[in-house]
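Start counting the sequence shown at 4; every next residue gets the next number (the working numbering).
For every residue, glycine included, the Cβ atom is placed at its ideal position computed from N, Cα and C.
Note that the coordinates shown come from a computational prediction; the quantities given were computed from them, not determined experimentally.
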Amino acid sequence: MTDSRAAALRALLFASSAAGMLCAAPAVAEETDPAFDPQSVTALDEVDVVGQTPRHEPASPAFVAPLVDTPRAVTVIPRAIIEQTGATSLQDLLRNSPGITLGAGEGGQPLADRPFIRGQSSGNNVFMDGIRDAGGQQREVFNLEQVEVLKGPDSAYSGRGSGGGSINLSSKAAGLTDFTRLGLGVGTDGYQRHTIDLNRAVGDSAGVRLNLMLAEGDTPGRQAVDYSKWGVGLAGAVGLGTATTVRASYYHLDSDQLPDYGLPLFTKTGVRDTDSGVLDVPYDSFYGLTARDYLTNTVDTFTLETEHRISSTLTLRNVSRYAETLNDYVVTNPGDGGRIDTGGVALIGGVYWMKRGTKSRWNPAETLANVTDLFGTTTLGGMKHSFDVGMELSREDNTNASSTVTTTNGSACLAPLTGLDCTPLYAPNPDDVWEGTIVRNTAVSNRSESVGLYAFDSIELSARWLLNLGLRHDRYSVDGESLPRGATVPVHEEGEWNFTNYQLGLVYKPTANTSVYASWSTSSTPPTVSAGDQNSSGGTGSGNLSTELLDPEESTSVELGAKASLFREQLLLSAALFRTVRRNAQIQIEPGIYAQAGEAEVQGLELSVSGNITAAWQVFGGYSWMDSELTKGAYDNANVGDPLANTPEHSFSLFTTYRLMPVLSVGGGVYYVSDSFGGNQGGAGGGSNRIYAPAWTRVDLFAAYDINERASLQLNIQNVGDEAYILRTNGVHHADVGPGRSATLALNLRF
């Protein structure tokens with residue numbers, strides 16, 4: 004641990020110890036924090052902090068109607084679920100929203116968050132406080148108030164997108180209530196996680212909020228894989244409760260870890276020893292090198308927001324953002340060292356030996372964005388309109404380089420393999436000696452610019468009928484360099500696209516708290532982001548299309564659904580049937596001839612529940628059924644009819660807690676995902692769709708005990724059955740292993 008992290012840890016420990024002494028004596032009623040509910044650790048209906056967005060509703064003004072009246076599937080994961088589940092990353096948290104999977108480290112988002120929503124790669128569709136959160140990242144949750152998942156084509160809301168949906172991260176904001184929350188956590192596998200969340204009012208209309216996080220540990224069930232990270236969230240606000248409010252915030256995350264590319268596939272040996280195609284090696288096998296591999300991820304984000312209430316029915320809001328990210332790594336990919344038929348694997352004395360292959364990236368990125376919204380309500384033609392009109396301007400600069408990794412001293416390869424950096428395939432040693440050089444190669448840079456104009460309107464046609472309309476036009480351009488495979492001199496490329504997208508929904512309200520709806524929505528995906536990569540430029544095609552600018556891929560979706568807000572609006576139920584079609588993908592229609600004729604389809608059902616059934620019983624989760632299919636592919640129809648990558652047919656999650664007595668709550672989560680295939684790319688072994696992550700079920704346990712009004716203990720046991728499972732596979736090189744059993748205990752203090 005570095006000196007700076009050690010100092011931060013000492014400060015957190017001191018603060019926690021001091022708070023512990025304060026809470027040892029019974030709390031005096033007059034001194035109790037007015038915003039404090041002793042059971043808030045297990046209740047979804049938390050008390051709002053003045054000046055913050057209400058819970059369980061999306062924060063963006065583009066949502067011009069309450070969730071129950073919004074004609075599409077939206078899941079809001081509140082802070083209580085973030086805390087109760089023991090989540091420490093976006094990946095942990097999204098497990099609670101069925102229909103979302105995290106893709107393996109391939110494409111344009113290697114070793115970064117790569118969510119798939121309704122079968123579409125959505126790595127570029129992650130937003131923070133309504134602004135696209137670009138750059139390769141593995142996102143933390145310590146500074147989040149809630150996470151909002153919008154499913155289905157949503158370019159009317161967010162501009163260029165994947166067609167599957169988007170994820171918005173809502174940050175903790177400053178308010179007018181004084182509180183201090185400390186968390187001191189320890190656990191198995193070297194787990195330590197310490198947090199501070201402090202808010203102070205400054206006068207009658209200003210506040211400041213500070214969030215700190217320091218964490219380290221090992222990945223349960225994985226040899227040598229460890230991490231350390233720290234973060235700061237600082238937010239201030241003036242003019243709270245007045246006509247004009249100005250908010251400013253700064254966010255920093257610094258993460259260092261040993262990257263993990265999981266297990267190799269049977270394509271290494273040519274011998275399929277499991278039905279899934281994942282090689283039958285011990286699940287704790289780690290093929291990287293502790294002396295060489297690394298992953299550094301840093302994020303710095305500055306945000307300034309001004310909101311002016313023009314009248315009781317009209318508000319003007321402007322948000323500016325500057326962000327820098329760095330994704331820098333060298334990782335061992337167990338599928339990239341070559342197969343047995345290409346000299347990367349050899350059977351020697353009855354033991355398979357393999358050469359280690361590496362991947363690397365150095366990717367700094369800068370984002371500058373500005374979003375302006377004018378929103379409110381008005382009456383026209385005898386009908387009430389809730390509206391939002393706005394403009395988004397953004398510029399993103401990306402630089403990319405790989406590294407040449409040279410081994411000068413390491414594990415020797417046995418004949419017929421040659422050179423260094425070899426390991427037994429079934430018993431790799433992450434502590435093998437390694438000495439060598441890592442030299443950064445030629446870097447290429449590109450810039451993307453976007454201008455978007457949009458308008459939304461929810462129209463009350465009558466007491467029971469609502470019409471929801473959305474329209475957005477975007478101009479998106481890229482200009483920069485690329486480095487073709489094998490080339491040493493960058494090639495300049497550029498492209499520009501204009502596209503318009505729509506959202507149309509009709510809502511019928513049988514009662515004030517229920518709705519039935521039908522909606523239609525569209526999305527546009529420019530070719531430079533279709534694979535989840537914002538780091539490329541040009542947008543031209545292959546072969547005969549190599550000099551032609553490809554059109555955006557287009558997604559359309561029809562959705563039928565129903566929602567109900569029950570038990571004094573403490574419980575939200577929703578159901579949705581949907582069918583999404585993605586068209587215009589580049590495919591090979593004849594040998595050597597390409598056209599934009601590819602098509603894929605996903606149809607399915609989603610059910611969700613969120614809130615409190617009783618004052619003591621809380622539930623959060625859902626079920627997703629997705630029938631996905633590549634409907635038009637290459638001329639030889641090799642993969643036509645296959646399910647799409649990272650799109651399991653069934654997924655289910657349910658996290659629930661029950662307050663057994665005033666001071667004790669217990670509960671846990673059940674998570675199930677059916678077989679998830681690796682891709683539609685073909686390749687060795689008879690096509691990558693023959694390789695899949697087998698179905699798995701995982702059970703987590705939770706308990707919380709209130710020591711007194713200011714202190715509580717929280718126990719989380721994750722994967723209590725120590726289920727050995729594969730989270731995902733890219734279907735070509737490797738498969739990622741799910742974490743093994745772990746237990747954490749946190750002392751939470753509030754005063």
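Original post:
So D630 is in the beta strand (DSSP E); what residue range does that whole segment cover?
Top reply: 620-635
Subject >> Presumed contact (8 Å Cβ cut-off) between M664 and T650, rounded CB distance >> reply: At roughly 43 Å, the Cβ-Cβ gap does not stay under 8 Å, so M664 and T650 are not in contact.
**OP:** Have a look at G670 and L716 and give me their C-alpha separation to the nearest angstrom.
**Re:** 14 Å
**OP:** Keeping to the same chain, check which residues put their C-beta closer than 6 Å to that of A749; ignore five residues upstream and five downstream.
**Re:** G186, G188, Q717
**OP:** Pick out the complete beta strand (DSSP E) segments inside the stretch 382-465, 3 residues or longer, and give them in chain order.
**Re:** 386-403, 406-413, 425-427, 437-443, 447-463
Original post:
Who pairs with P260 in a beta bridge, going by DSSP?
Top reply: According to the sequence shown, residue 260 is Gln rather than Pro. Y230, L298, per the DSSP bridge assignment.
Original post:
Would you report the Cα separation of P742 and H255, rounded to the nearest angstrom?
Top reply: 26 Å
**OP:** Just grab the DSSP bridge partners of S314 for me.
**Re:** L317
Original post:
For D40, does the three-state DSSP call read helix, strand or coil?
Top reply: Bear in mind that a pLDDT of 38 at D40, under 50, signals an unreliable position, so the number given afterwards is only what the model happens to contain. DSSP places D40 in coil when its eight states are reduced to three.
Original post:
Which term fits H737, buried or exposed, when burial requires 16 or more other beta carbons within 10 angstroms of its beta carbon?
Top reply: buried
Subject >> Spatial neighbours of Q606 in its chain, beta-carbon cut-off 7 Å, leaving aside the 5 residues before and after >> reply: F581, R582, D630
Original post:
According to DSSP, which residues form a beta bridge with N214?
Top reply: D200, G236
Subject >> Start and end residues, beta strand (DSSP E) containing R662 >> reply: 653-664
Subject >> Under the three-state DSSP convention, the category D303 falls into >> reply: strand
Original post:
Which two residues bound the contiguous beta strand (DSSP E) that contains D739?
Top reply: 737-740
**OP:** May I ask you to report which of helix, strand or coil DSSP gives K566?
**Re:** strand
Original post:
Going by the CB atoms, is the gap between I343 and G273 shorter than 8 Å?
Top reply: yes
Original post:
Using the rule of at least 16 other Cβ atoms within 10 Å of the residue's Cβ for burial, across every protein chain shown, is R571 buried or exposed?
Top reply: exposed
**OP:** Under the assumption that V150 contacts L172 (Cβ atoms under 8 Å), give the Cβ distance between them as a whole number of angstroms.
**Re:** 6 Å
**OP:** Measure the C-alpha to C-alpha separation of G167 and N127 and round it to an integer number of angstroms.
**Re:** 11 Å
Original post:
Is it the case that the Cβ atoms of Y230 and T747 are separated by a distance below 8 Å?
Top reply: no
Subject >> Start and end residues, beta strand (DSSP E) containing R582 >> reply: 574-593
**OP:** Could you work out which residue in D435, Q260, V374 is closest to S414 when comparing CA atoms only?
**Re:** D435
**OP:** Consult DSSP for A372 and reduce its assignment to one of helix, strand or coil.
**Re:** strand
**OP:** For K387, count neighbouring Cβ atoms within 10 angstroms of its own Cβ and tell me buried if that reaches 16, exposed if not.
**Re:** exposed
**OP:** Please report the Cβ distance between R802 and S485, rounded to the nearest whole angstrom; I am assuming they are in contact, meaning their Cβ atoms lie under 8 Å.
**Re:** Here the chain has residues from 4 to 754 only, and residue 802 is not among them.
Original post:
Does the beta-carbon of A238 have 16 or more other beta-carbons within 10 angstroms, so that it is buried, or is it exposed?
Top reply: buried
Original post:
Which word fits T550, buried or exposed, when buried means at least 16 other C-beta atoms lie within 10 angstroms of its C-beta?
Top reply: exposed
Original post:
For L647, which of helix, strand or coil comes out of DSSP?
Top reply: coil
Original post:
Measuring CA to CA, which of S527, G102, V643, Y160 is closest to P64?
Top reply: Y160
Original post:
Beta carbon of R142, beta carbon of D116: below 8 Å?
Top reply: yes
**OP:** Write down the C-beta distance between S279 and A696 rounded to the nearest angstrom, noting that I regard them as a contact closer than 8 Å.
**Re:** 7 Å
Subject >> Closest residue to A177 among V144, D221, A240 (Cα-Cα distance) >> reply: A240
Original post:
Any idea what DSSP makes of A159, helix, strand or coil?
Top reply: helix
Original post:
To which residues does DSSP link P267 through a beta bridge?
Top reply: H737
**OP:** Could you check what DSSP says for L608 in three-state terms: helix, strand or coil?
**Re:** strand
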